[in-house]
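At position 10 of the sequence shown (counting the first as 1) the number is 105 in our numbering, and the numbers step up by one without a gap.
Ideal Cβ positions, reconstructed from N, Cα and C, are used throughout, including at glycine.
Structure record follows, encoded as structure tokens.
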Amino acid sequence: MSTPVKKVPIHLQSSQNRLVIKNGTIVNEDGQTNEDVYIEDGIIKQIGKNLIIPGGTRVIDAKGRFVLPGGIDPHTHFDFEFMGTRTVDDFYHGSKAAIAGATTMIIDFVFPKEGESLLDAYHEYRQKADGKVCCDYALHVCLPRWSEQIKKDMEILCRDYGVNSFKMFMAYDFMLNDGELYSAFEHCHKLGALAQVHAENGSLIAKNAERLLAKGITGPEGHEMSRPEEVEAEAVNRACVIAKQVDCPLYIVHVMSKSASKVLEAFRSGNRVYGETLVAALGTDGSHYRHECFHHSAGHVLSPPLRTDPDTPSALMNYLAQDVLQLTGSDNCTFNQSQKAVGKNDFTKIPNGVNGVEDRMSVIWEKGVHTGVLSLSRFVEVTSANAAKLFNIYPRKGCIAVGSDADIVIWNPDAVRTISAATHHQAVDFNIFEGMKCHGVPDYVIVKGRVCLEEGQLKVVEGHGSFVETPVFAPYIYDPSKLEEVKVEKNGFVEAEYPQLSKLKIQDEYVCPSPTLPESAVSTPSCRGSRPEGQRNIQESTFSVSEELDLERKSCIRVNNPPGGKSSGFW
Ligand code: URQ
Ligand code: ZN
Ligand code: ZN
């Protein structure tokens, strides 16, 4: 049951401005603690036992529950025009559904239409999202072609508009060729951005589709048959090889197969290559393409497709556990059955995309944590912390720490819910996880300090979310110790065209965000790394408790795994 609330300014919700979560187990990517969390004005202000907090503060008892960072879905397509139609989940419905399922931030993709500039497309997406999103959001930008103008626009987007990632396609009509990918990756590297790739061999897919249609295979099973695993794995391999030539960090979106994961495993050592898999691939499989009902099988069509090898979901979960893959997205790109029906006689015309933004956290919990494959901390890493790190918004997001945004989930591991299109909050009329029972349900979802879900009641606020800038040169990707070298190269490259380069949101040496405190109050190890411009300085907020009660202030955002400080695994 959902109760939409229209644009209530946060300052008018005084009773909700102060909140304490007691008796829960906080889970971060680096471990667990049994401490209370005090929130004020949307920010985590204190963590500890026996906190001194103002009278009248709302108390939530989280006994027997996990207190997790809200999920970050790094891959959604809301209000997206694609394959001649438009996704039914817009930024309001999509972000509302996200919150219902314990995700408190999404990252969507700006997709320029034919002839539209990257900058115009970016502004169009900001207009579509601002005022509608119920949770915070950021934007990747797709590069549907390659040109000098695109290069310039990429620089402006990085410098002035808080974009630090660009997606390129190796399939579809708008795919880039190898030379163009090379140039685009090279440019991403120079800008300190993250290159993202949709890795499938588009030329092979086109030939396969032609052959299958000529043979009379027109149904959704032809979609999977035209895009076999090796077509995905070949492209992943090629993208990795190209990125390596120009030393560009690479993020493979929607890794759907064991074959593609094995390529990533082989490339992992010494290369900055990151893999995102989808909740669709972890929670279901390609057997649905053979379902007798067209609506059912077409409802599962996305690219790369779900795999027919039934071991794929568990293998991908194991790859996540082993850090061969690092992130999970939904690729939420939803079309109603009537929209999918356009491809009734030709699988190549079925609009590609499935749901997942609402069910991602529950399905990964069910298939990963409930089965014992993922630890609690790894669950946090793959559902929020790693996305926050790669897109350079950690520890503001993806972390429960003093100074972080209060995007928090109180998770009940014992509760069970059954997924259904009849009860989900998305606008779409189909759900690929229909009937799945999931242990693990959010009791509360707190978005920037506001309780948006409690006891099954969804109380989102349209426009409560805002755009979050993602600064370039994420220290988790671009090693700060090597940054000087990159800067020189970047200056040499960009300065001629952009004298205002100094405005680029570069990660300078980290300064502990606590200029007003004596040095002795600063815990040096916690302050290593970078705090990007645009991230909140915790001293800027209107936090009043410490002034009122003369508490000793915690001076610094806690960074348990500072950049360069974690020696094993992903970082
Ligand atoms: O490739 C994507 O991410 C979008 C454009 C379409 N959805 C999908 O089938 N994966
Ligand atoms: Zn894609
Ligand atoms: Zn996508």
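Per-residue DSSP class, three states only, for residue i
| i | result |
| --- | --- |
| residue 479 | helix |
| residue 528 | coil |
| residue 135 | strand |
| residue 388 | coil |
| residue 443 | helix |
| residue 174 | coil |
| residue 266 | coil |
| residue 117 | strand |
| residue 260 | strand |
| residue 200 | strand |
| residue 543 | coil |
| residue 112 | coil |
| residue 275 | helix |
| residue 309 | helix |
| residue 559 | coil |
| residue 397 | coil |
| residue 402 | coil |
| residue 241 | coil |
| residue 371 | strand |
| residue 169 | strand |
| residue 215 | helix |
| residue 318 | helix |
| residue 291 | strand |
Sequence-distant residues of its chain with Cβ nearer than 8 Å to residue i (five each side left out)
| i | result |
| --- | --- |
| residue 166 | 193, 196, 197, 198, 199, 200, 455, 456, 478, 479 and 504 |
| residue 405 | 380 and 382 |
| residue 526 | 450, 454, 514, 515, 516 and 519 |
| residue 667 | Residue 667 is absent from the structure shown; the chain starts at 96 and stops at 666. |
| residue 208 | 176 and 216 |
Environment of residue i [buried if 16+ CB atoms lie within 10 Å]
| i | result |
| --- | --- |
| residue 473 | buried |
| residue 364 | exposed |
| residue 483 | buried |
| residue 535 | buried |
| residue 298 | exposed |
| residue 55 | Outside the shown range of the chain (96 to 666) lies residue 55, about which nothing can therefore be said. |
| residue 218 | exposed |
| residue 396 | buried |
| residue 309 | exposed |
| residue 385 | exposed |
| residue 425 | buried |
| residue 340 | exposed |
| residue 545 | buried |
| residue 394 | buried |
| residue 168 | buried |
| residue 487 | buried |
| residue 248 | buried |
heavy atom of ligand 2 below 7 Å from residue i C-beta
| i | result |
| --- | --- |
| residue 395 | no |
| residue 293 | yes |
Residue i CB to nearest heavy atom of ligand 3 below 7 Å
| i | result |
| --- | --- |
| residue 348 | yes |
| residue 428 | yes |
| residue 170 | yes |
Sequence-distant residues of the same chain with beta carbon closer than 6 Å to residue i, five excluded per side
| i | result |
| --- | --- |
| residue 540 | 194, 197, 504, 547 and 548 |
| residue 411 | 372, 376 and 377 |
| residue 187 | 227 and 557 |
| residue 328 | 354, 355 and 358 |
| residue 114 | 134 and 153 |
| residue 668 | Only positions 96 to 666 of the chain appear in this structure, which leaves residue 668 out of reach. |
| residue 555 | 191, 194, 229 and 547 |
Any non-hydrogen atom of ligand 1 within 7 Å of residue i CB
| i | result |
| --- | --- |
| residue 177 | yes |
| residue 448 | yes |
| residue 398 | yes |
Contacting residues, own chain, Cβ-Cβ under 7 Å from residue i (five flanking each side not counted)
| i | result |
| --- | --- |
| residue 241 | 271, 275, 278 and 279 |
| residue 326 | 295, 296, 299 and 300 |
| residue 305 | none |
| residue 127 | 120, 121 and 471 |
Chain D within 8 Å of residue i, Cβ atoms only
| i | result |
| --- | --- |
| residue 399 | Note that chain D does not occur in the displayed structure, where there is just one protein chain. |
Residue i Cβ short of 7 Å to ligand 5 heavy atom set
| i | result |
| --- | --- |
| residue 128 | Because ligand 5 does not appear in the structure shown, any question about it cannot be addressed here, the ligands present being ligand 1, ligand 2 and ligand 3. |
### Stretch pair the stretch 381-399 + the stretch 459-477: three plus CB contacts closer than 8 Å
Judged by Cβ distances under 8 Å, the stretch 381-399 makes no contact with the stretch 459-477, as fewer than three pairs qualify.
### Message
Would you call the stretch 115-134 in contact with the stretch 143-157, where contact means no fewer than 3 C-beta pairs closer than 8 Å?
### Response
Yes, the stretch 115-134 touches the stretch 143-157.
#### Entry: the stretch 434-445 touching the stretch 366-379, judged by at least three CB pairs closer than 8 Å
The stretch 434-445 vs the stretch 366-379: no contact.
### Message
Would you call the stretch 518-525 in contact with the stretch 353-369, where contact means no fewer than 3 C-beta pairs closer than 8 Å?
### Response
With contact defined as three or more Cβ pairs closer than 8 Å, the stretch 518-525 and the stretch 353-369 are not in contact.
### Message
Does the contact criterion of 3 or more C-beta pairs under 8 Å hold for the stretch 301-319 versus the stretch 331-349?
### Response
No: the two stretches stay apart, fewer than three of their Cβ pairs being nearer than 8 Å.
### Cβ contact (3+ pairs, closer than 8 Å) linking the stretch 487-506 and the stretch 421-437
No: fewer than three Cβ pairs fall under 8 Å.
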